[in-house]
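Asker: Can you keep this structure in mind? I'll have questions shortly.
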Amino acid sequence: KAVIKGDKADSFSHNDVLRFELCNTQSAAFTMSFIASTKRDDFKLNISFSDLASGASQISKTLSISNTGDWEKYKEYQVDLGELPAGNWRMDIKFLSSRGQYTGTLQKLSIMKTQQDALPSVNLSHQKEASTIYRLDGRQVNAPMESLPAGIYLIEQQKILIK
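In the working numbering, the protein residues as written are 1 to 163.
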């Protein structure tokens, strides 16, 4: 059964999906980076963005993940996602394989503007005055949201704001 522990998405099976809702306030090109492990030769990830209101697909990328031979041995990946217009989006990361359980594991997922530093923070509350802010690696940041650099922030109810 799929498990998420901190920044690790573990034990995902064929057709399992990680889903996020995004609010992108400014059109920009983005890159996603992560590390992955698998003992399979047929593990693929499909990363897609679709408009929340209409369901229209904007981005869909499928990436083959190399067999690392061990669940604790990871390989780094970077995916050019292309231009994401301003608007509200659903991002799905779908795990694909020919069958069954234990397709793969992801860690250290980050999304950044193309050719810029990785966005450092994820906000886990929608109330500014009670915001708990975390880096994408799961560590808490002790700073008000207003002082954070432009980036992607997770808001309660699976919302992410690209400021």
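Ideal Cβ positions, reconstructed from N, Cα and C, are used throughout, including at glycine.
Can you name, in chain order, every residue of its own chain whose Cβ lies under 8 Å from the Cβ of Val79, other than the five neighbours on each side?
Answerer: The residue you call residue 79 lines up with position 79 of the sequence shown. Only Thr31, Met32, Ser33, Ile47, Lys61 and Leu63 meet the Cβ criterion.
Asker: Can you give me the C-alpha to C-alpha distance between Asp41 and Gly104, rounded to a whole angstrom?
Answerer: Along the sequence shown, one-based indexing puts residue 41 at 41. Along the sequence shown, one-based indexing puts residue 104 at 104. Between Asp41 and Gly104, the C-alpha separation is close to 11 Å.
Asker: Among the candidates Lys39, Cys23 and Ala28, whose CA atom is the shortest distance from the CA of Gln101?
Answerer: Translated into the one-based positions of the sequence shown, residue 101 becomes position 101. Checked all of Lys39, Cys23 and Ala28; the closest Cα to Gln101 is Lys39.
Asker: Excluding sequence positions up to five away, which residues of its chain have a Cβ less than 6 Å from the Cβ of Lys44?
Answerer: Taking the first residue of the sequence shown as position 1, residue 44 is located at position 44. Excluding sequence neighbours, Lys44 sits near Thr62, Ser64 and Leu96.
Asker: Hey, would you say Ile59 sits closer than 7 Å to Lys108, going by beta carbons?
Answerer: By 1-based counting over the sequence shown, the position of residue 59 is 59. By 1-based counting over the sequence shown, the position of residue 108 is 108. In this structure, Lys108 does not lie closer than 7 Å to Ile59 by Cβ.
Asker: Around the Cβ of Asn24, are there at least 16 other Cβ atoms within 10 angstroms (buried) or fewer (exposed)?
Answerer: In the sequence shown, residue 24 corresponds to position 24, counting from 1. When all chains shown are included, Asn24 counts as buried.
Asker: Which residues in the same chain have their Cβ closer than 6 Å to the Cβ of Glu76, if we skip the five residues on either side of it in sequence?
Answerer: To locate residue 76, count along the sequence shown from 1; it is residue 76. Cβ neighbours of Glu76 beyond the five flanking positions: Ile35.
Asker: With a CB to CB cut of under 6 Å and the five nearest residues on each side skipped, what residues in its chain are close to Gln26?
Answerer: The residue you call residue 26 lines up with position 26 of the sequence shown. Ala86, listed in sequence order.
Asker: Measuring straight from C-alpha to C-alpha, what distance separates Glu129 and Asn67?
Answerer: For the purposes of this step, residue 129 is taken as the residue at position 129 of the sequence shown. For the purposes of this step, residue 67 is taken as the residue at position 67 of the sequence shown. Residue placement at Glu129 is flagged as unreliable, the pLDDT there being 41, under the threshold of 50; the coordinate-derived value follows with that caveat. If I take the Cα positions, the gap works out to 45 Å.
Asker: Assuming Arg90 contacts Ser50 under a Cβ cut-off of 8 Å, what Cβ separation, rounded to an integer in Å, is found between them?
Answerer: Within the sequence shown, residue 90 is the residue found at index 90, counting from 1. Within the sequence shown, residue 50 is the residue found at index 50, counting from 1. Correct: roughly 5 Å between the Cβ atoms.
Asker: So for Thr38, helix, strand or coil by DSSP?
Answerer: Mapped onto the sequence shown, residue 38 falls at position 38. Note: Thr38 maps to coil in three-state DSSP.
Asker: Answer with buried or exposed for Ser98, where buried requires no fewer than 16 other C-beta atoms within 10 angstroms of its C-beta.
Answerer: The count along the sequence shown starts at 1 and reaches residue 98 at position 98. Classification of Ser98: exposed, given that the 10 Å Cβ count is below 16.
Asker: May I have the straight-line CA-CA distance separating Leu106 from Asp16, to the nearest angstrom?
Answerer: Counted from its first residue, the sequence shown places residue 106 at position 106. Counted from its first residue, the sequence shown places residue 16 at position 16. Rounded to the nearest angstrom, the two C-alpha atoms are 13 Å apart.
Asker: Have a look at Ser37, Asn88, Ser54 and Ser11 and flag the residue whose alpha-carbon is nearest the alpha-carbon of Gly69.
Answerer: For this step, residue 69 is matched to residue 69 along the sequence shown. Ranking Ser37, Asn88, Ser54 and Ser11 by Cα distance to Gly69 puts Ser37 first.
Asker: Per DSSP, what are the beta-bridge partners of Phe43 in this structure?
Answerer: As a working mapping, residue 43 is identified with position 43 in the sequence shown. Looking at the DSSP assignment, Phe43 forms no beta bridge with any residue, so it has no partner.
Asker: Using alpha carbons as the reference points, say which of Ser11, Phe12, Gly55 and Leu81 lies closest to Ala29.
Answerer: Looking up residue 29 in the sequence shown gives position 29. Measuring from the Cα of Ala29, the nearest candidate turns out to be Leu81.
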